[in-house]
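Undergrad:
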Amino acid sequence: MATFQAGLLYSESHEYIRVEGEFGYIGISDYAQHALGNVVYVDMPEVDDEVTAGEEFGAVESVKAASDLISPVSGTVVEINEALEDEPELLNKDAFGNWIIKVQLSDPSELNNLMDAAKYEAFCAA
Amino acid sequence: MFKFFPQTQEDLQEMLSRVGIDSIDALYAQIPESIRFRDEYKLPSEMSEMEVRDLFAKLGSQNQQLTCFAGYGVYDHYTPAVIPQLLQRSELLTSYTPYQAEISQGTLHYIFEYQSMMAELTGMDISNASMYDGTTATAEAMMMAVAAGKKQNKVLVSKTLNVDTRKVLDTYALHQGIELETIAEKDGVTNLEDLKEKLAAGGVAGVIVQQPNACGIIEDFTGFSDACHDNKALLIINSVAADLAVLKTPGEWGADIAVGDGQSLGIPMQFGGPYVGYMCCTEKLIRKMPGRIVGMTKDNREQRAFVLTLQAREQHIRRQKATSNICSNQSLMALFVTIYCSLMGKQGLKEAAQLSYAGAHYLCNKLLATGHFSLVYDKPFFNEFLVRYDGDIDELFSFYMMNGILPGVKMNDGSLLIAVTEKRTKEEIDRFIEALPLVKGVH
Amino acid sequence: MNNRLYGNLIFELSKEGRKGYSLPKNHFGSYEIPTSMRRSEEAQLPECDELTVVRHYTNLSNNNFGVDTGFYPLGSCTMKYNPKINEEMAALPQFQNLHPHQPSSTVKGALALVKLLEQSLCELTGLAHFTFKPYAGAHGELTGLMTIDSYHRSRGDIARKKVIVPDSAHGTNPASAAVCGLEIIEVKSLADGTVDFEDLQRIVAEQGTEISAMMMTNPNTLGLFETRIPEIAKLIHDCGGLMYYDGANLNPMLGACRPGDMGFDVMHINLHKTFSTPHGGGGPGAGPVGVREGLQEFFPVVSPYYGNFGVMMRAYAYILSLGREHIKEVGPLAVLNANYIKESLKDVYELPIDTICCHEFVFDGLKDKSTGVTTMDVAKRLLDYGYHAPTIYFPLLFHESLMIEPTENESKETLDGFIAVMRQIAEEAKTDPELVKTAPHTTPIGRVDDVLAAKHPITTYKQLVNDNN
């Protein structure tokens, strides 16, 4: 069963963001990794790339599906999780423990458009 | 009854009754009568096998069999006897895309070999499972460069690219909204200075050049890859597959994508197809590459096995976000070139290329020695060269045709592009030259 | 197969110094390719004698399954019999040796054949002209959409950039539209898989001036005839759009209904489906595109010559063999065969739409879902019994889609054999589910590890060797 970690914000396209000051760590939810199945590849942007809320910044591939990654916020990529290049299955093992990109937020007010864990859980159940 | 339809009257009755209807016509009850087709098709009456043979023989006799010195992308190479025989193995011929790996190892296995061979020939890391032909593979490479290049939407194409390929590129670019710009030519080869200028203008996702080029000239791509990569553009080299057995490879030139036609690997000309397009690229680009890819894996009995892989890139999963709309590969033709490369092997491919090269240079020298032909460009060429004739080219062309020789491809400017392969014997080439005085009247 | 003896790659059979070819001697004197233009490293191609090569590929073929091997009910692929006379005709040297740039006066027979085939296809589809440039079905779709796009552009109607596609359509339709620079609008399907006409009316009312075309198969993906096709065509035409017919499901329409009469303006035909040319393990096929009078001037240059001419020769040989008398029997017999299987199995397999189908139909897995046996398992178990599996997990409308298309060439005995095995598998699912879940058991290899292949791609022999080191 999928878990829903409190303290994170979620988007309808199943990304989460963990906010720490002016930075945010973006990944896919546990619900999303369950739906995808065995992740075999994570397509990530490069450091210094700009991301925009609601627009794709990469993709996650499983054997039989590919899903675009949609950024929940706008900002600049300051770090990517390089461990996923060799071990994409980390997303299956621990989706919340393995963020995909770290972003410097350009407009923190965008966070207001996201769901908390309880709302997101209800959204997934609907 | 008909030989392809096994249903007897008795079968039909039993089947209809199982379905719960009383006539064949009832199967189509859902089609509105206004659009139901109830006429006779205006087609010939059924033909026996002998009659089909006769008709094709009659049509065939209306084609003139010529000794071929024409090229321009399609070459009259030798086909080993083994290949057509093996291609008729109907377990391979009458199968479809290898979805069920457990009963498709034959197909998957040879595609893996094909990919390995094409990667070797081009000097690139990886290959896809093959494409329709060289022109469409080049168009796919163009789209791949634009997709990989994020916001760049321009592709530069050398003036020395085969016009047949260029026209296909123009078509795809028009509908995709890709901006194509032509890199100027200088003395018959791609002008590097012009390329650099156009790259500097920005927005370029890819650069397409050809080897040997449309005039048969072997181009020197020194500096091309640096110029492209300095501007974040991908270098795409279109090459004649067979020539890569000896020529400097796209990999050695620093190409990101290598494409072209595999027809030169022994595939009969058959009036334009089927041939096979190849596409190879660097490992970095594997997930941007269109088409199918076969990979190695294990089965649940710990045996080595082959399977279609990286399918998440493909149209049946990605739908409108796929890197291409290509569904399948040109599998049987990929098998053709795989067997060709297996038979000819490391030495045979080189030997055939060497023979073509020698024959072409022999013919060229003899033609120049007549004093009636001159090379349009004084550049190194491989097995195809562009000459100008000092008389009436149309007259010369017709004369050769009457003598059973297709002397080359007549270009729009009146020059003649002549190709020689390993299939052209010394007698045939000498006949090409000896026939000449007759038309000039200088005996 | 014998994996131990014949499971090698051709590279693993190579030995330095062996050769499998013979070429004439060089009588031209020494002309050497300059060193500066040569590749520095040799291509590592195999070195094998002729018999080794012949055995290798002959044995590979033994690990494969084709229509000639056995029943191949792969839905939406029309795996009909590929007549041998087609092959003989395509191999005629009088056609094989023609260069595509040969002057037309020397290729009259080949050009006549192109014309004859075009006339036949026009007659069979109710359209006016065909281009043979497209190399395959997907290529045909692209060509057809480009034709439509150019038609709208020529009229200055440049806002028409949207293509309506049923949500049940094959993924290639939206992908082709995207490659053509067009946007997709999905129209909903009703529970029976046919187009939701009300939803279509809504789309046309809202976006009619931007509609380039509507793209459909008929019968649709579920094998059902779209009864409202005349109304759909009128709706699209009235808003200025054109109707595109995806010829993937043309086979059942032979002898029954022509796309041109249904109201379609542009279509492609998969010669490798309806006109019996071999699928060749994935290709080459051919996807000629037909249009109504007046649209032919918008045919794009999507390939240089006459398309896959060799495939066209096979298709014409097929049309001649059947003639007008038998080509009209193709559709009805294919449809009867499909309905016969459907009716014989619907008590044990879930049939979501219980009506007369055309050439194919879709089960949604086994009727008894309590066993845990999936469509994948049924498909794999079929391989044990010597049948190719149907198309599985497509269409996406159902979770456990199992799509069966028998074609007109299969005898009642073959169908009865298949039906018996399908019933047997349903029985096994109850009595011995593990047997089915772990199938296949008798094939050269067992189920493969897809994840390993995708996570760690090894796609060439060189990578394989490096990986072992």
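Chains as they are written, first to last, in this note's numbering: chain A, 1 to 126; chain B, 1001 to 1443; chain C, 2001 to 2469. Where a beta carbon is used, it is the ideal one built from N, C-alpha and C, also for glycine.
1) If Asn1238 of chain B sits next to Thr1182 of chain B, beta carbons under 8 Å apart, how far is it from one beta carbon to the other, in whole angstroms?
2) Using a Cβ-Cβ cutoff of 7 Å, what residues of the stretch 2430-2464 of chain C are near chain A? List them in chain order.
3) Compare the C-beta of Ala1444 of chain B with all C-beta atoms of chain A and state if any pair is closer than 8 Å.
4) Going straight from the alpha carbon of Ile2211 of chain C to that of Gly2241 of chain C, what length do you get?
5) Mind checking Gly2024 of chain C: buried by the 16 CB within 10 Å criterion, or exposed?
6) Measure the alpha-carbon distance for Gln1211 of chain B versus Ala1358 of chain B and round it to whole angstroms.
7) Evaluate the contact criterion for the stretch 1076-1083 of chain B versus the stretch 1320-1334 of chain B: three or more CB pairs, one atom per stretch, below 8 Å.
8) Please return the same chain residues whose Cβ sits closer than 8 Å to the Cβ of Glu2226 of chain C, not counting the five positions on each side in sequence.
9) Nearest-angstrom Cα distance between Glu2047 of chain C and Ala2317 of chain C?
10) What is the rounded straight-line gap between the Cα of Val42 of chain A and the Cα of Val1146 of chain B?
11) Return helix, strand or coil for Cys1327 of chain B, following the three-state DSSP convention.
12) Is any beta-carbon of chain B found at less than 8 Å from that of Asn2082 of chain C?
13) Would you mind sorting Gln1152 of chain B into buried or exposed? The rule is 16 or more other CB atoms within 10 Å of its CB.
14) Please state whether DSSP places Glu15 of chain A in a helix, a strand or coil.
15) Does the stretch 108-120 of chain A come close enough to the stretch 2303-2319 of chain C to have 3 or more Cβ pairs within less than 8 Å?
16) Thinking C-alpha only, which one of B:Met1289, B:Pro1274 and B:Lys1284 is nearest Gly2285 of chain C?
17) Since Asp48 of chain A meets chain B, which of its residues come closer than 8 Å, beta carbon to beta carbon?
18) To which residues of the same chain is Ser1023 of chain B closer than 8 Å at the C-beta, ignoring the five residues directly before and after it?
19) Excluding the 5 residues preceding and the 5 following Met2001 of chain C in the sequence, name in chain order all residues of the same chain whose CB lies nearer than 6 Å to its CB.
20) Touch check for the stretch 2421-2440 of chain C and the stretch 96-109 of chain A: three-plus C-beta pairs under 8 Å?
21) So with Cβ pairs under 8 Å, would you call Asp1187 of chain B a contact of chain C?
22) Which one of A:Val77, A:Val60, A:Pro88 and A:Gly75 has the shortest CA to CA distance from Leu69 of chain A?
23) How would you write the range of the alpha helix (DSSP H) that His34 of chain A sits in, first residue to last?
24) So, with DSSP's three-state summary, where would you put His1175 of chain B?
25) Check whether chain B comes within 8 Å of Ile2085 of chain C, counting only Cβ atoms and requiring the distance to be less than that.
26) When Cβ atoms are compared, which residues of the stretch 106-121 of chain A fall closer than 9 Å to chain B?
27) Do the CB positions of Cys2239 of chain C and His1175 of chain B come within less than 8 Å of each other?
28) Grouping DSSP H, G and I as helix and E and B as strand, with all else coil, what is Met1289 of chain B?
29) Locate the alpha helix (DSSP H) running through Gln1085 of chain B, then write down its first and last residues.
30) So, does the CB of Ser71 of chain A fall closer than 8 Å to a CB anywhere in chain B?
31) Which whole-angstrom value describes the C-beta separation of Lys2188 of chain C and Asp2167 of chain C, a residue pair presumed to lie in contact below a C-beta threshold of 8 Å?
32) If you follow the alpha helix (DSSP H) that Val77 of chain A is in, where does it begin and where does it stop?
33) Could you check whether the stretch 1406-1426 of chain B touches the stretch 1344-1362 of chain B, counting it as contact only if at least three pairs of C-beta atoms, one from each stretch, sit closer than 8 Å?
34) Per the DSSP calculation, His1077 of chain B is bridged to which residue(s)?
35) Let me know the secondary structure DSSP gives Gln1210 of chain B once reduced to three states.
36) Within the stretch 1092-1168 of chain B, note down every full alpha helix (DSSP H) run reaching 4 residues or more, in order along the chain.
TA: Let's see:
1) Rounded, the Cβ-Cβ distance is 15 Å, inconsistent with contact.
2) Within the stretch 2430-2464 of chain C, the qualifying residues are Asp2450, Val2451, Ala2454 and Lys2455.
3) Lying before the first or after the last residue shown, residue 1444 of chain B is absent from chain B, which here runs from 1001 to 1443.
4) 6 Å
5) In the sequence under discussion, the amino acid at residue 2024 of chain C is Pro, which differs from the Gly named in the question. Answer is exposed; the Cβ neighbour count stays below 16.
6) For Gln1211 of chain B and Ala1358 of chain B, the gap between their C-alpha atoms comes out near 18 Å.
7) no
8) The beta carbon of Glu2226 of chain C sits closer than 8 Å to those of Thr2194, Val2195, Met2216, Asn2218, Pro2219, Asn2220 and Ile2232, all from its chain and outside the five residues before and after it, given in chain order.
9) Cα-Cα distance, rounded: 39 Å.
10) 21 Å
11) coil
12) yes
13) Taking a 10 Å sphere around the C-beta of Gln1152 of chain B, we find 16 or more other C-beta atoms and assign the residue as buried.
14) strand
15) no
16) Nearest Cα to Gly2285 of chain C within the set B:Met1289, B:Pro1274 and B:Lys1284: B:Pro1274.
17) Simply none; closest approach about 13 Å.
18) Hits under 8 Å: Leu1016.
19) Interpretation of Met2001 of chain C is limited by its pLDDT of 45, a score under 50 that renders its predicted location unreliable; no figure is taken from the coordinates.
20) no
21) no
22) A:Val60
23) Per DSSP, His34 of chain A belongs to the alpha helix (DSSP H) from Asp30 to Leu36.
24) helix
25) yes
26) So the list is empty, because no residue satisfies the distance condition.
27) Cys2239 of chain C is not a Cβ neighbour of His1175 of chain B, given a cutoff of 8 Å.
28) coil
29) Per DSSP, Gln1085 of chain B is one residue of the alpha helix (DSSP H) stretching across Val1082 to Leu1087.
30) no
31) Cβ-Cβ separation between Lys2188 of chain C and Asp2167 of chain C: approximately 6 Å, consistent with a contact (criterion under 8 Å).
32) Per DSSP, Val77 of chain A lies in no alpha helix (DSSP H); the unbroken beta strand (DSSP E) holding it starts and ends at Gly75 to Ile80.
33) yes
34) The partner list for His1077 of chain B (beta bridge, DSSP) is empty, contrary to what the question assumes.
35) strand
36) Runs found: 1105-1122 and 1134-1148.
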